[in-house]
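Have a look at the structure below before the remarks.
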Amino acid sequence: MGTVGAKDVPVLMSPDGLRIDGRREDEIRPIRIVAGALRQADGSAFVEWGHNKVMAAVYGPREVHPRHLQENHKAIVQCRYNMAAFSVDERKRPGLDRRSQEISKVIGEAFESVVFAEEFPRTSIDVYIEVLQANAGTRCAGLVAASVALADAGIPMVDLLPAVAVGKVAGEIVLDLKKEEDNYGEADLPMALVPQSGRLVLLQMEGHLTREELAKALDLGVQGCREVHAKMKEALRTRYAEGDGGAA
Amino acid sequence: MSDTLSAEILTSHILDLAHSGKRVDGRGPDDYRPVRIEPGFVASADGSALVHLGDTKVLAGVKLEPGKPFPDTPNAGVLTTNAELVPLSSPMFEPGPPTPTAIEVSRVVDRAIRAAETIDLTKLCITPGEKTWVCYVDLHVLDHGGNLIDAALLAGVSALAHTTQPLVRFGLGAADVPLEVDHFPIECTFVRLGDTIVVDPTVDEERAGQGRLTIATDEVGRIVAMQKGRVGAFSPDDVKELVDRAFRHGDRLRSLARGGGTGA
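Line order of the protein sequences matches chains A and B. For the first sequence, this note's numbering gives the first residue as 2, with consecutive numbering after it. For the second sequence, this note's numbering gives the first residue as 1002, with consecutive numbering after it.
Quick look at the structure:
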């Protein structure tokens, strides 16, 4: 996508089916999740996913700002996904661009689909995601970090929310795109799964896919989300088994 | 308070009806509202179209002007899509900077136009690296009766299909030429109402809905964009079924748009 006039396209798939970083089509980049990485927040998590580094913090349930957004029968989830100016090759102007605002919206809606919002009427659950280093898949890494942070904050939820992107690279449907695959790939499809129900609460797509390819991508993504889910549970277990409550 | 209460009553009414496959306005779950397209509605634009989708009205205007290409795409034109949800169109909208809803409409429409390669941007290049056509697609929502995304893309692509490149105005040629449109993406939006998933939601159905899914398809059988929005969830099987429905509606709406006509 967006490859019009692009320079050298790297070899994205070797003849024996290996990707640019040596992964198979259904392999996820290494993920490290630290639950409870910050002191001030009610809940937090740090995620390293491939070359992505993302910090998430949760505050609340607390008073709603701005006040007029308050809902009488439930809590609202307000999400702010932000990229640090130094997180990408070319310095990004600080603050929320349109892409960040759209991502904030869909991630907030995804979480509002799984938290028991009716238990905290007239409050806001504020979810902050800061992308510190970006290498494709930051919205998924941010979602995973924020989901662990929500659990760390003790917010009651239907389930954790694992996420992963599936894409099409050199004609193949592959799991968890890295930057070169995202830049020169043919489709990108981030998703977030509620493991318990098997339903998707975040789903976006851009590029070209046939019906058959989409079906395959959805199945591969669900499988990937389940893998990420295991790592999220492990991170929470590590944090609370040790019980030190300290910063990472 | 009474607003909240009546909204709650309406929501439960909508969900009750949906359970038996009915809708407040008498449509079935897979019925799209009547669509009417008026190309060339605004003479001051280089291309325009007013789309009526039930009670929803979106006006798209296209303007072309010479400008600089992006440094990383020296041989390609620039395409910018922007949606304005002006307060005239709904009591829900207020003046001020674009809301997340407006940004989402713009970006989901832009994604479909771009991914479908609706216009070949390399054909907009005037002098590589220096001068190119910049194509602005501005979407003006006039009446928000629900399903803005579908109406906005339909308006945007219909406007592009009726756009002339203003060569004369900028001293770049002796006569204006039509803008070539290579592909015609159509977005189709659904909301979940309990165990039923309905197409082309009204505002009340959007409010009552438990998740919204938009699927953009083109005329050569490609899915080019998707966006799940609002609170709610869809299973992978739901998505696969909705893709089939999106292709059916897409084909029908596309032939309607190409004919520049009217239809349900």
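Even glycine gets a Cβ: it sits at the ideal position worked out from N, Cα and C. These numbers come from a predicted model, not from an experiment.
{"Asked": "Nearest-angstrom Cβ-Cβ length linking D183(A) and G199(A), presumed shorter than 8 Å", "Found": "Going by Cβ atoms, the distance from D183(A) to G199(A) rounds to 26 Å, so no, they are not a contact pair."}
{"Asked": "Proximity test, Cβ basis, 9 Å: E1066(B) and chain A", "Found": "no"}
{"Asked": "Minimum length 3: unbroken beta strand (DSSP E) runs contained in the stretch 52-123 of chain A", "Found": "53-63 and 77-84"}
{"Asked": "Limits of the beta strand (DSSP E) - the one that P191(A) falls within", "Found": "A188 to V195"}
{"Asked": "Any C-beta of chain A under 9 Å from that of I1284(B)", "Found": "Missing from the structure shown is residue 1284(B); chain B here goes from 1002 to 1265 and no further."}
{"Asked": "Host alpha helix (DSSP H) of G1251(B) (start-end)", "Found": "P1237 to G1260"}
{"Asked": "Reduced DSSP category for S1013(B) - H, G, I as helix; E, B as strand; rest coil", "Found": "helix"}
{"Asked": "Short CB-CB distance (under 9 Å) between A1226(B) and chain A", "Found": "yes"}
{"Asked": "Within chain A, partners of L1214(B) - CB distance below 8 Å", "Found": "L204"}
{"Asked": "Counted within 10 angstroms of its Cβ, other Cβ atoms place E207(A) as buried (16 or more) or exposed", "Found": "buried"}
{"Asked": "CB contact below 9 Å: F1094(B) versus chain A", "Found": "no"}
{"Asked": "Beta-carbon contacts of L250(A) that lie in its chain and below 7 Å, excluding the five residues immediately before and after", "Found": "Since the displayed chain A opens at 2 and closes at 249, residue 250(A) lies outside it and no answer follows."}
{"Asked": "Residues that D127(A) bridges to, as DSSP identifies them", "Found": "Y60(A) and Q79(A)"}
{"Asked": "Interface positions of the stretch 1003-1027 of chain B facing chain A (Cβ-Cβ less than 7 Å), listed along the chain", "Found": "T1005"}
{"Asked": "Assigned secondary structure, R227(A) (DSSP; H/G/I helix, E/B strand, else coil)", "Found": "helix"}
{"Asked": "Same chain only: Cβ atoms within 7 Å of V1244(B), ignoring 5 sequence neighbours per side", "Found": "I1216 and I1224"}
{"Asked": "Stretch pair the stretch 1202-1222 of chain B + the stretch 1231-1248 of chain B: three plus CB contacts closer than 8 Å", "Found": "yes"}
{"Asked": "Validate contact between the stretch 1126-1135 of chain B and the stretch 1096-1107 of chain B using beta carbons, cut 8 Å, 3 pairs", "Found": "no"}
{"Asked": "8 Å CB neighbourhood of E1207(B) in its chain, flanking five on each side removed", "Found": "G1147, N1148, V1192, R1213 and R1231"}
{"Asked": "Integer-rounded CB distance, given that W50(A) should sit under 8 Å from G138(A)", "Found": "6 Å"}
{"Asked": "Cβ pair G1172(B), L1194(B) closer than 9 Å", "Found": "no"}
{"Asked": "DSSP state of M1093(B) mapped onto helix, strand, coil", "Found": "coil"}
{"Asked": "For L1065(B): DSSP bridge partner residues", "Found": "C1136(B)"}
{"Asked": "Minimum Cβ-Cβ distance from F1235(B) to chain A less than 9 Å", "Found": "yes"}
{"Asked": "Partner residues on chain B for V195(A), Cβ-Cβ distance less than 8 Å", "Found": "A1234"}
{"Asked": "CB contact check: K106(A) to chain B, cutoff 9 Å", "Found": "yes"}
{"Asked": "Outcome for A1265(B) when other beta-carbon atoms lying within 10 angstroms are tallied against a minimum of 16", "Found": "With a pLDDT of only 47 at A1265(B), under 50, the local geometry of the prediction cannot be trusted, and the value read off the model is given with reservation. A1265(B) comes out exposed."}
{"Asked": "Proximal residues of chain B, C-beta to C-beta of D220(A) below 8 Å", "Found": "P1237"}
{"Asked": "According to DSSP, residues forming a beta bridge with K169(A)", "Found": "I174(A) and A188(A)"}
{"Asked": "Three-state secondary structure assigned by DSSP to L162(A)", "Found": "coil"}
{"Asked": "Neighbour flag for S1107(B) against chain A, beta carbons, 9 Å", "Found": "yes"}
{"Asked": "Straight-line Cα distance separating I29(A) from R1253(B)", "Found": "40 Å"}
{"Asked": "Where the alpha helix (DSSP H) containing S1107(B) begins and where it ends", "Found": "P1101 to A1116"}
{"Asked": "The stretch 1020-1033 of chain B in contact with the stretch 1042-1053 of chain B per 3-pair CB rule at 8 Å", "Found": "no"}
{"Asked": "Min CB distance R1249(B) to chain A below 9 Å", "Found": "no"}
{"Asked": "Where the stretch 118-139 of chain A meets chain B: residues whose CB sits under 7 Å from a CB there", "Found": "none"}
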